[in-house]
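In our numbering, the protein residues as written are 763 to 926.
Heads up, the beta-carbon is just placed ideally off N, CA and C, and yes, glycines get one too.
For clarity, every value in this text was computed on a predicted model and none was experimentally measured.
The structure under discussion appears below in the form of structure tokens.
Now the structure itself:
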């Protein structure tokens, strides 16, 4: 899939006070146990399709990488939106999670993990050079770097000092 590359420097401009960053992934600990690994791995695309068609669930956007250890980086309206999705009996997360806990936990075949951060937007900055819309900018607003936004310090609003 080809994505348009935006020449020059861009940044993210989220119009909110906080952003919830959720990292989730899995690791094939015993890659030769392919059926067990696949059973876990096939759940995420279904969840992402659901979230794409239910914007009220609160996921703003995501990026993903696949390998022995997979990672999905996602941005959410709030931790509460994320927790509601995780616990929603009608969404495609709760039952696969329960199945994992019943059948895979403790076998050592496949590991799962997640980390959640609620970040004040004032404490976040991003820059993308010659990139497609990506990450926080893709999830919120992708804008050209403007005057007074050349350095990370400036984008964080912490002085106009020049970067080394």
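Which whole-angstrom value is the C-beta distance of residue 775 and residue 902, which I expect to be below 8 angstroms? 7 angstroms
At which residue ranges does the region 787-864 contain complete alpha helix (DSSP H) runs of 4 or more residues, listed in the order of the chain? For the region 787-864, the continuous alpha helix (DSSP H) assignments of 4+ residues that do not extend past its boundaries occur at 796-803, 805-815, 841-849, in sequence order.
Would you kindly work out how many angstroms separate the C-alpha atoms of residue 887 and residue 812, rounded to a whole number? One C-alpha to the other measures close to 29 angstroms.
For residue 871 versus residue 798, is the C-beta spacing smaller than 7 angstroms? yes
Using C-beta distances below 7 angstroms, list every residue in its chain close to residue 809, excluding the 5 sequence neighbours before and after it, in chain order. 854, 855
Once you ignore the five residues that flank residue 766 on each side, which residues in its own chain have a CB closer than 7 angstroms to its CB? 894
Residues bridged to residue 896 (per DSSP): Beta-bridge annotation (DSSP): residue 896 is not paired with any residue.
Can you look up residue 774 in the DSSP assignment and give me helix, strand or coil? Strand, per DSSP.
DSSP has residue 873 in a bridge; who is on the other side? 789
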